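K.L.:
Numbered according to UniProt numbering, the sequence shown spans residues 1 to 96. The beta carbon of each residue, even a glycine, is placed where N, CA and C say it ideally should be. On a predicted model such as this, the values are computed, not experimentally measured, just so you know. Submitted below is the structure of interest, expressed as C-alpha cells.
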Amino acid sequence: MGRDLLHKNEERTSLNKDLPESEQNPDRRGRSTASFIIGFHQDEDLHWVAELSCGHTQHLRHQPPWQSRAWVLDAAQRLEKIGQPFACGWCAQARE
C-alpha cells in the first residue's frame, strides 16, 4: 500500500501492427492496402456485387437517396470500373 508515487513506471512499447510478428495473416492474402475491382455478378436479389482482387466481395446498390450509384445499372459503366482501385471494408477491418 505504501507505493512510491514518484517512481516512474517504465513500460515497453507494443509491436506495430505493420510488423509480421503482430498479425500472422492466416489466410495468406497479400497485405496490400488497395484492392481492385476484377469483376461483377448479381446476387439472388439481383443486386450488383463487386468482386475484388483481395478475394472479398462488396455489394454496390443504387437506392436513392441513401445510395447513389447509378453507374452499377449500366453495363458499359461497370466495365469501366474493372481494374479501378476499391477500398475494401473487410480488409480495412482486418487491419484495425
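Under 6 Å Cβ to Cβ from Q84, same chain only, skipping five residues before and after it: list those, please.
P.N.:
Result list for Q84: I37, in chain order.
K.L.:
Would you kindly check if the distance between the Cβ of Q58 and the Cβ of A70 is under 8 Å?
P.N.:
Their beta carbons are not under 8 Å apart, which means A70 does not touch Q58 by this criterion.
K.L.:
I'd like the list of long-range same chain contacts for S35, defined as Cβ closer than 6 Å, with 5 residues on each side in sequence excluded.
P.N.:
Excluding residues within five positions, the ones whose Cβ falls inside 6 Å are L52, S53, C54, F86, C88.
K.L.:
Cutting at 6 Å between CB atoms, please list the residues of its own chain near H41, excluding the five before and the five after it.
P.N.:
Around H41: V49.
K.L.:
Per DSSP, which residues does E80 bridge with? Please list them.
P.N.:
Note: E80 sits in no beta bridge, so no partner.
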